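K.L.:
Protein chains in written order, with the working numbering: chain A, 1293 to 1358; chain B, 6 to 170.
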Amino acid sequence: MESRMLRCACGWEVRGTLDELVIAAQEHGRRLHNMEPTRGQVLAMVVDDRPTDDRVDEATAPPNRE
Amino acid sequence: MMTRAPSGWDVESPVQAEVFVVWLHDDHLELTGPCGAAPWILELGATDHPVAVVDRIVRDVVGEPLLVHSTSWRRDRDAVILSFVVVIDGALVGNLQSVPVGRSELARSEARAAPREIAHAQVVEHGLRHLAWLAVDDPVVAVELSPRWKEILAGYVPEPFRNLG
C-alpha cells in the first residue's frame, strides 16, 4: 500500500495514495481556504511516511541489468 | 513578527484573510472554527472581495454568520493579512473545538512604525474592541448582537479599524 501523508498548516491531515491525496487536498483547499492547488503543488508537499523498508532508495539501489 | 509554524502545506497568496469565529457561550465569549482557536486562513485572489469570500466560506463550512467584519490589517507571512471577526450563533458550534477568549494587552504601534511583534491574542483583543465600537456606533451591528453580547463587549475599550503592523 503506497500510503503517503499530507498536512495542512491548519492541522488537517490526510493519508492515502498520491491520487487520493491530490483529490482530498484540492477539496480541502477549495472548501476551507479558498485555494485551488494544482496537482503539482499538492505533490510538492506530500510526506512519504511509509516504513523505510517499503521505499526504493534510488541513490543506493543497484543499477538495472538487462 | 507573528507567523504560522512551517508545519505543512499553507496559504501563500499575497493577500490573505485571517478569520476568528466568535460566539457567546453562556456568560463568556469563545473562539471556534474548523481550526479551533487558531486563526483560520483564507486565500484572497486578485478579483476576490474579502468580505464576500469570508462570508461564503464561513457559510459553507460553519453556517450562516450573524456578523462578518474586518477589524485590522498587518503584514505577516510575506503577505497582507486582513483580520476578520465573525460572530456566529452558538447552535452552529456543534463538534468544533472551542476555547474561551482571554484578554490581552494590545500591540501598540510606534509613532511611525508598526509593532515589532503581534500575537494572535492581541489581534483578537483588538477585533473585539472594534466590535465593541461598532455595537454602539453601527445600528446594523447593534441589532445583530444580543443584550448579553453587548454587556460583554462593554468590557472592551472601543476602537475603530486599525493597522496592527
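Just so you know, even glycine gets a beta-carbon here, dropped at the ideal spot from N, CA and C.
These figures come from a predicted structure and were not determined experimentally.
Please give me, in chain order, every unbroken run of the beta strand (DSSP E) with length at least 3 that falls completely inside the segment 1303-1347 of chain A.
P.N.:
1305-1308
K.L.:
Within its chain, find whatever has a CB closer than 6 Å to the CB of residue 77 of chain B; leave out the 5 residues flanking it on each side and keep chain order.
P.N.:
88, 131, 167, 169
K.L.:
Using a cut-off of 8 Å between C-beta atoms, extract the partners of residue 65 of chain B located in chain E.
P.N.:
Looking at the structure shown, chain E is missing, and the protein chains on hand are A and B.
K.L.:
By alpha-carbon positions, which one of A/1316, A/1339, A/1326 ends up nearest to residue 24 of chain B?
P.N.:
A/1326
K.L.:
With 8 Å as the threshold, decide whether the Cβ of residue 1316 of chain A is near any Cβ in chain B.
P.N.:
Not one beta carbon of chain B lies nearer than 8 Å to the beta carbon of residue 1316 of chain A.
K.L.:
So, under 8 Å CB-CB, residue 136 of chain B and residue 54 of chain B are touching, yes? Tell me the CB distance rounded to an integer number of Å.
P.N.:
Contact doesn't hold; Cβ gap of about 21 Å is too wide.
K.L.:
Report yes if the C-beta distance between residue 161 of chain B and residue 139 of chain B is below 8 Å; otherwise report no.
P.N.:
no
K.L.:
On the DSSP bridge assignment, give the partners of residue 90 of chain B in chain order.
P.N.:
B/25, B/74
K.L.:
On the DSSP letters alone, give me the boundaries of the beta strand (DSSP E) that residue 45 of chain B sits inside.
P.N.:
45-48
K.L.:
Is it buried or exposed, residue 15 of chain B, if we count other Cβ atoms within 10 angstroms and call 16 or more buried?
P.N.:
buried
K.L.:
How long is the line joining the alpha carbons of residue 85 of chain B and residue 1304 of chain A, rounded to whole angstroms?
P.N.:
24 Å
K.L.:
Could you tell me which of B/32, B/157, B/124 sits nearest to residue 80 of chain B, measuring between CA atoms?
P.N.:
B/124
K.L.:
How should residue 35 of chain B be labelled, buried or exposed, when 16 other C-beta atoms within 10 angstroms of its C-beta is the threshold for buried?
P.N.:
buried
K.L.:
Report the residue from B/95, B/146, B/99 whose alpha carbon sits nearest the alpha carbon of residue 32 of chain B.
P.N.:
B/95
K.L.:
Quick test of your reading: residue 171 of chain B and residue 21 of chain B, contact by CB under 8 Å. State the CB separation rounded to the nearest angstrom.
P.N.:
The question about residue 171 of chain B has no answer, for chain B in this structure spans 6 to 170.
K.L.:
In angstroms, rounded to a whole number, what distance separates the CA positions of residue 29 of chain B and residue 113 of chain B?
P.N.:
27 Å
K.L.:
Nearest by alpha-carbon distance to residue 18 of chain B: which of B/59, B/26, B/83, B/44 is it?
P.N.:
When C-alpha distances from residue 18 of chain B are compared across B/59, B/26, B/83, B/44, the shortest belongs to B/83.
K.L.:
Between B/59, B/50, B/109, which lies nearest to residue 5 of chain B when the distance is taken from Cα to Cα?
P.N.:
Nothing about residue 5 of chain B can be reported from this structure: the residues present for chain B run from 6 to 170 only.
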